[in-house]
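See structure below.
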Amino acid sequence: MTAVGWNVDAAVGQRNLADIVWGAGQGDGVALIEHPTGRTHRYQDLLLDSRRFAAALRRRGLRPGESVAIVCDNSGEFIASYYGTLWAGGVVLPLEPLGSGNEWHTALEHSRPRFAVVTAAVWQKLEGQAFADSFQHVFVIGEGGTRSASPMVEAVEAADWDQMLGAETDAAVAEGGGRTAVLAASSGSSGTPKQIVLTHRNLAANILQVNCVHRLTADDVVLGITPFRHLYGMQISMNRTMHARGTLVSLATPFSAENLLDAVQRHRVTVAYVVPSVLAELARFPDIERYDTSSLRMLHSGGAPLPLAIAETCARVLGAEVVQSYGMTEAGGCTHAPPDGSPSPPGSIGVPIPGTQTRFVDPDTGLDVGNGAAGEIWIRGPQISPGCLRGPDSIVPVVDADGWLHTGDIGRSDARGYVTITGRCKQLIKYKGHQVAPAELEAILLGHPDVCDAVVVGVADEAVGEIPKAYVVLSAPVPLDEVSAYVAERVAPYKKIRRIEAVPRIPRSPMGKVLRGALGSER
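The opening position of the sequence shown corresponds to residue 4 in the working numbering, with each subsequent residue numbered one higher.
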């Protein structure tokens, strides 16, 4: 077990997350640059809009603990409505603007929000839908922010963002602590997304925990690629940059390497928070030398495992340090990270951040494994969620009776406490009784010069139990048996790729996690 002392009660107490993020005073620097449009937002303006939004919610009768749906891209309006909701005592419910009706229905059915912040395009899809019939007050961003004449929405107040806000501000701060702050969607890579309950204490503690090992300053220009509605973008990019009074740069979606490199060059970005699929595209991009990336000191990867070959290539061509951290939605955003200035072993996710306990457990026996041995990673700490929302007043715990979160990831720790992920419990392939980790085979496949993306799954086989099958994206024509032979030369016989298929792309979530269920019915 690994434990690092840290007093969360002294650091956080019962304070509101928004108050902790903004507590040091807002200053007058640039808080956000929306790279696609060039819009800039200064700290004093975002604070004013956050206070206006809090006042607008209270005028309209927001009850403590009531959710507010926020359905927009990374923008000043997202930030203002996020902190305004928290200050007013509400719960942030961030949703995917490009989501389908089914996805929105799943997210809205338990919390039933009366308040929503949406883009005009989203409102056109939402208004009048039966699953959105709880909406009573809708703040519409952009052109067309007016109420329609549909009889289903006659009772809905829906108007332009500024018109809904009004001039009144509200400096009152609702209590935080163990009260719910955010309902965050899990990745949903293996099923229907869950709504994870995260408290003010969970999120505030995690910001301060990460700051102990990886600090931002007011001089940093931070590139926030991942959506603020995802916990990685929300916590590691948005909340921490606002807390440090740095400048946050948001990108347009979908992502492109040219867009990222242009933003780095134009805004002199110092730190970029990315996912592995972004780094993979940068590693393949042929014209990096055309861009000035000299300001960039670090690329910080999260959300999914980062292949070592991709990390090394990006570090070389960009001239910046490339590191990876580890976390889960259920764990407030981050549990392990490499300390600034300390050499991290290749492929490591760093050390447990302060206040975080880590165990490595045999998934079959439930007993701790020996020093240096691989086991399922269990985590306990102040950032761990109290549970998953299953109904308006029903929360199902995500931890066991002793407070441990079972991550499902397999890893090991070295003598210095640095942790390396080696696979997934549920993804381990059982070949003739041997355990084969897909992550190991995927890393080898990505070392092949003509393979630009890959995933390995287990396929049922009556004779041997399961066999490893690889799906690969090729950057140049190459015989697939040559790719299989490349792997076979580098692994034990029982780990060899038994089937291989070339595909145009590997399906991934916005956080870069492989959507294995979309690869076919063989799994």
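Ideal Cβ placement from N, Cα and C applies to all residues, glycine included.
Next item on the list: Tell me whether Leu178 is buried or exposed, calling it buried when 16 or more other Cβ atoms sit within 10 Å of its Cβ.
Entry: First, the amino acid is wrong: residue 178 is Glu here, not Leu. Counting C-beta atoms within 10 angstroms of its own C-beta, Glu178 has fewer than 16 neighbours from the protein chains shown and is therefore classed as exposed.
Next item on the list: With DSSP collapsed to three states, give me the class of His437.
Entry: Strand at His437.
Item checked: Buried/exposed call for Glu261, threshold 16 Cβ in 10 Å -> Exposed.
Next item on the list: Just grab the DSSP bridge partners of Val137 for me.
Entry: Checking the displayed sequence, the identity of residue 137 turns out to be Ser instead of Val. Beta-bridge analysis with DSSP links Ser137 to no other residue.
Next item on the list: Scan the segment 33-79 and note each continuous beta strand (DSSP E) run of 3 residues or more that stays entirely inside, going in chain order.
Entry: Taking only runs of at least 3 residues, the beta strand (DSSP E) segments lying wholly in the segment 33-79 are 33-37, 42-45 and 70-74.
Check: Using DSSP with H/G/I as helix, E/B as strand and the rest coil, what is Phe81?
Finding: Reduced to three states, the DSSP call for Phe81 is helix.
Margin query: Between which two residues does the alpha helix (DSSP H) holding Ser347 run?
Written below: Segment: none, Ser347 is in no alpha helix (DSSP H) and carries neither H nor E.
Check: Given that a residue counts as buried once 16 or more other Cβ atoms are within 10 Å of its Cβ, and exposed if not, what is Ala284?
Finding: As written in the sequence, residue 284 is Glu, which differs from the Ala given in the question. Buried, by the Cβ-count rule.
Check: Out of curiosity, what's the CA-to-CA distance linking Trp381 and Val281?
Finding: Counting only the Cα atoms, Val281 lies some 28 Å from Trp381.
Check: The beta strand (DSSP E) spanning Val531 covers which residue range?
Finding: As shown, the chain starts at 4 and ends at 526. That puts residue 531 outside it, with no answer to give.
Next item on the list: Would you identify the three-state DSSP class for Arg243, choosing helix, strand or coil?
Entry: Helix, per DSSP.
Notebook entry, point to check: Beta-carbon separation of Val267 and Met301 under 8 Å?
Noted result: Taking 8 Å as the Cβ cut-off, Val267 and Met301 do not qualify as a contacting pair.
Item checked: 6 Å CB neighbourhood of Gln430 in its chain, flanking five on each side removed -> Excluding positions up to five away in sequence, the list reads Pro441.
Check: Residue range of the alpha helix (DSSP H) that Ser397 falls in?
Finding: DSSP places Ser397 in no alpha helix (DSSP H) but in the uninterrupted beta strand (DSSP E) bounded by Ser397 to Val399.
Notebook entry, point to check: If you draw a straight line from the C-alpha of Ser192 to the C-alpha of Leu518, how long is it?
Noted result: Summary for Ser192: the model assigns pLDDT 42, below 50, so the residue's position carries little reliability; its value from the coordinates is reported in the next sentence. When rounded, the distance between both Cα atoms is 5 Å.
Notebook entry, point to check: Per DSSP, which one or two residues make a beta bridge with Glu379?
Noted result: DSSP output for Glu379 lists Val364 and Ile413 as bridge partner(s).
Next item on the list: Work out the CA separation of Val402 and Ala170 for me, nearest whole Å.
Entry: The straight-line gap from Cα to Cα measures roughly 44 Å.
Check: Where does His203 fall in DSSP's three states?
Finding: His203 sits in a helix when the DSSP states are folded into three classes.
Margin query: At the level of alpha carbons, what is the spacing between Glu504 and Pro510?
Written below: For Glu504 and Pro510, the distance between alpha carbons rounds to 14 Å.
Note to self: Can you check which of these residues, Lys516, Leu522 and Leu448, is closest to Arg493 by C-alpha distance?
What the structure shows: With distances taken between Cα atoms, Arg493 lies closest to Leu448.
Item checked: Nearest candidate by alpha-carbon position, reference Val460, set His437, Ile500, Val490 and Asp453 -> Nearest to Val460 by alpha-carbon distance, out of His437, Ile500, Val490 and Asp453, is Ile500.
Next item on the list: Return the chain-ordered list of same chain residues with a C-beta closer than 6 Å to the C-beta of Asn10, the five sequence neighbours on each side being excluded.
Entry: The same chain holds no residue with a CB closer than 6 Å to that of Asn10 once the five nearest residues on each side in sequence are set aside.
Next item on the list: Just the C-alpha distance for Ser347 and Ala340, rounded to the nearest angstrom, thanks.
Entry: When rounded, the separation of the alpha-carbon atoms in Ser347 and Ala340 is 10 Å.
Check: Is it buried or exposed for Arg63, if we count other Cβ within 10 angstroms and need 16 for buried?
Finding: Exposed: under 16 other Cβ atoms inside 10 Å.
Next item on the list: Provide the residue(s) that pair with His217 in DSSP beta bridges, ordered along the chain.
Entry: Residue pairing from DSSP leaves His217 without any beta-bridge partner.
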